[in-house]
Amino acid sequence: MPEHRTEPEPSNLNLRNILSALFKWKRTILGFAVFGIVAAAGVFFFYPAVYESDARLLVRYVLERSAVDPVDAMSGQSGTRGTGITNDGVIGAEVSILTSWDLSVQVAEALGPNRVLPDTKAPSVVAAAAVINSGLGTTTAKGSNIIGVSYQNGKPEVATAVLNELVNRYFTKHLEVHRSAGAFDFVSQQTDQVRGRLGQTEDTLKRLKAKAGILDLKDSISALNGEAAKTAEQLSIAEGDLAEQRAKVKLMEGSTGLPAPAVEQTASKSSAGATATPGQPTPSTIPPATPVSATPSPKDTQDYQALVTNLTHLRQTQVEMSAKYTPENVLMKMNQAHINDLEHQKSVLEKTFPSLAIIGASKGEQDLGSERARLAGMEAKADTLRRQLINTQERMKQLSDAAPEIVRLERNKEVEETNYRYFQGTLEKARIDEALDPSKMPNISAIQRPSPPAMVTTTRNKLALAFAGGGLAFGIAL
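Quick note: the sequence shown uses the working numbering, first residue 800, plus one each step.
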């Protein structure tokens, strides 16, 4: 009988069909893949930042039967001593203390709701405690006596501050739960009170210094004294220069024959016009006689201008020397003799050529005008220095009025800082004593204080990866 064989039908699921299907639905797959990538990018860049601070606590028990604790918590026997690693039940109890609502409320009250919830209007202690409790996390390993504590918050500075306060408050809460620690609580309360008074004194002192515009009393007094001495010295020099310039201008006014103040000249003219009889010519209206004189040569004009320049220089030298020497000094006499000689030569030229006097008067007016302008600048400088000195003296008076109160507050601050350091040391000693005494408190220490805040990206990365891979997978599945 012939053998009948059936050929197996070829499977439709092969590489060619898969590639054909992918090519056929490439746009759909690509669209979902792009959508997933865009969603992943949105999650990656816009996911709210979360910061975490970590700490680690070592829980180590050395227990002994005492009159206070009639039952040994470790062995359950009285009158015996036991030491060893804490079991999982004890670690679980410590974790319950760390994550308790009461401890979260204490931390919220210590830091203040505004610091825990800075972006919330009128935050309450309950809301702050809820945020603290929800952000707490603990990790333990079976058979280990180390507890890992972490806190997450959107503000990096809040994360570290909350965890640091939580660890500090945990020791007190542990005493309240496990042992009677009246002395420790008393020292803690005293430390808090002294810290509060110290904070109030520092705030008052800060406001008073801000009102006085100073940072340090001694440095400010020294700076003001130095500023006043420097300004007084500058004012003394300026007044000396001013007196010298006034004498110089007065001497130049006398030598040139020009009137000193323009106001007096105007006043004399107005008074002369007022006293003149109507119809009679006044001195200002009488035309001067025009003398007939010879015209000077260019050389004579140059010689005359040189005489005027030399006379001006010699008079300035005479003024400067008069501040150092007496009139009987040989140098003063020689300089004056030189001035007289040049004055004689100038007078001879003016008599020979009267028109040269106009040139000399014009030159003298220009020099005198510049010296008067310099005199006005010196007077303005002296006035400014006087005002600066007055302002500095007023500031010194204000600081002198506020100094006694500042000194008193600084002394109070020093005393309160000393008390605070004393109570802080006493508190630490009480904590150590409580920890070393197995009848009162187990030995608990922080092997790692709260770490600097670090950004937590695990959830964000998982979501971004899920969106990116999910879009591609969903497109292929369709």
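Ideal Cβ positions, reconstructed from N, Cα and C, are used throughout, including at glycine.
The beta strand (DSSP E) that contains residue i, what's its start and end?
i	result
GLY936	935-939
Round the Cβ separation of residue i and residue j to the nearest angstrom and send it over; I've been treating them as touching at under 8 Å.
i	j	result
ARG914	LEU1023	Actually they do not touch by this definition, with Cβ atoms about 38 Å apart.
LEU1188	LEU1016	About 22 Å; that fails the 8 Å criterion.
VAL924	ALA907	5 Å
PRO912	ALA929	That belief does not hold up - the Cβ atoms of PRO912 and ALA929 are roughly 11 Å apart, past 8 Å.
LEU1007	VAL1118	The Cβ separation is near 53 Å, so there is no contact.
Quick one: grab the DSSP three-state call for residue i.
i	result
LEU916	coil
LEU857	strand
ILE931	helix
GLU1127	coil
GLY911	coil
SER943	coil
ALA921	coil
ILE1246	strand
LEU1262	helix
THR1257	helix
VAL849	coil
Excluding sequence positions up to five away, which residues of its chain have a Cβ less than 8 Å from the Cβ of residue i?
i	result
ILE945	ARG855, LEU856, LEU857, VAL858, THR939, ILE1246
THR898	ASN932, LEU935, THR937
LEU1106	LEU1141, GLN1144, LYS1145, LEU1148
MET1120	ASN1128, LEU1130, MET1131, ASN1134
GLY1113	Note that residue 1113 is Leu in the sequence shown, not Gly. Once the five neighbours on either side are set aside, the close Cβ partners of LEU1113 are ASN1134, HIS1137, ILE1138, LEU1141.
LEU1004	ILE1205, LEU1208, GLU1209, LYS1212
VAL1255	VAL849, TYR850, GLU851, GLN951
TYR1124	LEU1130, MET1131
Taking residue i as part of the alpha helix (DSSP H), name the residues at either end of that continuous run.
i	result
SER895	887-897
SER1121	1097-1121
Is there a C-beta anywhere in chain C that falls below 8 Å from the one on residue i?
i	result
LYS1145	Absent from the structure: chain C. Only one protein chain is present.
Got a sec? Which residues, its chain only, sit under 6 Å from residue i by beta carbon, not counting five neighbours each side?
i	result
PHE1222	GLN989, THR990, VAL993
GLU1026	THR1191
ASP853	SER949, SER1250
If you drop the 5 nearest sequence neighbours on each side, which residues of the same chain put their C-beta closer than 7 Å to that of residue i?
i	result
VAL976	ILE896
THR971	SER987
LEU1041	MET1177, GLU1178, ALA1181
ALA1046	VAL1118
ALA892	none
Is the beta carbon of residue i within less than 7 Å of some heavy atom of the ligand NAP?
i	result
LEU1188	The ligand NAP is not part of this structure, which contains no ligands at all.
Inset, instruction - Could you tell me whether the stretch 1194-1207 touches the stretch 999-1013, using the rule of 3 or more Cβ pairs below 8 Å? - result: yes
Legend entry - Touch test, the stretch 1171-1179 against the stretch 996-1003, Cβ-Cβ under 8 Å, three pairs minimum: no
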